[in-house]
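Read in order, the letters of the sequence shown correspond to residues 92 to 316 in this note's numbering. We treat Cβ as the ideally placed atom computed from N, Cα and C, and that holds for glycine.
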Amino acid sequence: MLAIIPARGGSKGLPRKNIKLLNGKPLIAYTIEAALAAKYINRVIVNTDNGEIGEIALKFGAEVPFMRSKELASDTAKSIDVLKDAIERLEKSSDKTIEEFVVLQPTSPLRAAQHIDGAIELFQKKKADSVISYCQEEHPIFWHKYLDEEGKFEDIFGKTLLQNRQEIRPSYYANGAIYIFNKNLIYKNTYYTENSYAYIMDKKSSIDIDTIDDFEYCEYLITRK
92 MLAIIPARGG SKGLPRKNIK LLNGKPLIAY TIEAALAAKY INRVIVNTDN
142 GEIGEIALKF GAEVPFMRSK ELASDTAKSI DVLKDAIERL EKSSDKTIEE
192 FVVLQPTSPL RAAQHIDGAI ELFQKKKADS VISYCQEEHP IFWHKYLDEE
242 GKFEDIFGKT LLQNRQEIRP SYYANGAIYI FNKNLIYKNT YYTENSYAYI
292 MDKKSSIDID TIDDFEYCEY LITRK
């Protein structure tokens with residue numbers, strides 16, 4: 092199966108995030124290495140608008156068959172449009188139809204080959220339209236509130252009872268690590284159907300790097316092994 096790693100050069104929260112050294116290795120390298128080690132992945136593509144990211148991707152064994160356009164590398168570009176463009180360009184260059192593919196965000200360095208393979212096995216077993224990695228929410232979702240300008244509480248889900256954690260049904264969030272799609276799904280401009288499934292990952296493997304605090308915590312987890 093094809094793996095696409097989207098990695099644009101612009102990063103407002105953490106500059107040069109995708110190639111920032113994490114324990115001596117560029118952040119994106121962790122995802123490339125995991126994809127190359129996954130037994131069901133036969134091609135690893137990095138989709139980027141940045142030459143330096145492209146060079147590092149090639150160094151670690153990924154392909155960079157084309158550069159992303161400026162329009163699709165903007166802050167307002169939609170991820171689903173980036174995927175459509177990548178698939179269309181890959182099909183045009185190879186004369187082969189891509190029926191399904193994996194998307195791996197470079198900001199999930201602790202997602203391993205075993206997670207990728209497990210998600211693909213679930214996708215194939217269920218004959219799914221999509222499989223997306225999720226992690227159990229630490230705090231019950233019904234405890235969440237909006238706050239108004241004065242700091243007063245506003246209910247998100249209507250009036251909720253003050254239940255013990257053990258009495259509340261667990262909720263889950265998309266951790267951003269793994270997305271597997273049937274190609275036809277993205278042309279419906281959605282990631283979910285009634286035939287979509289969650290691949291559950293543990294909290295540690297689900298870390299998603301957006302800030303310097305995330306980065307430093309992830310480095311701590313890696314170095315303490």
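According to DSSP, is residue i part of a helix, a strand, or is it coil?
| i | result |
| --- | --- |
| P209 | Per the sequence shown, residue 209 should be read as Gly rather than Pro. In this structure, G209 counts as helix in the three-state DSSP scheme. |
| G142 | helix |
| R107 | coil |
| L113 | strand |
| A98 | coil |
| V155 | coil |
| G271 | Correcting the residue type first, residue 271 is Ile in the shown sequence and not Gly. It is a strand residue. |
| A265 | strand |
| E191 | strand |
| Y308 | helix |
| T284 | coil |
| D299 | coil |
| E162 | helix |
| E229 | coil |
Quickly, what does DSSP pair residue i with across the bridge? List them, please.
| i | result |
| --- | --- |
| A289 | I223 |
| D246 | K236 |
| I136 | I95 and E154 |
If you drop the 5 nearest sequence neighbours on each side, which residues of the same chain put their C-beta closer than 8 Å to that of residue i?
| i | result |
| --- | --- |
| Y225 | Y263, Y264, A265, N266, A289, Y290, I291 and M292 |
| I189 | L93, I178, L181, E182 and K274 |
| D239 | E245 |
| K175 | I277 and Y278 |
| C309 | L113, P200, L201, I298 and I300 |
| T122 | I96, L195, Q196, P197, S199, P200 and R202 |
Which same chain residues end up closer than 7 Å to residue i when comparing Cβ atoms and leaving out the 5 residues on each side of it in sequence?
| i | result |
| --- | --- |
| E143 | I110 |
| I303 | L105 |
On the criterion of 16 or more Cβ atoms from any shown chain inside 10 Å, does residue i qualify as buried, or is it exposed?
| i | result |
| --- | --- |
| P156 | exposed |
| G152 | exposed |
| F272 | buried |
| P106 | exposed |
| F306 | buried |
| S160 | exposed |
| Q205 | exposed |
| A128 | exposed |
| F192 | buried |
| K108 | buried |
| N133 | exposed |
| L118 | buried |
| S184 | exposed |
| N286 | exposed |
Give every residue of the same chain whose Cβ lies closer than 6 Å to the Cβ of residue i, excluding the five residues on either side of it in the sequence, and list them in chain order.
| i | result |
| --- | --- |
| A164 | R99 and D140 |
| P261 | Q227 |
| T284 | D220 |
| K130 | D208 |
| Y270 | V194 and I223 |
| E154 | I136 |
| I313 | N114 |
| D186 | none |
(request) Report yes or no: do three or more beta-carbon pairs, one from the segment 225-242 and one from the segment 278-288, lie closer than 8 Å? (result) no
(message) Would the segment 293-310 count as touching the segment 209-218 if we require 3 or more Cβ pairs under 8 Å?
(response) no
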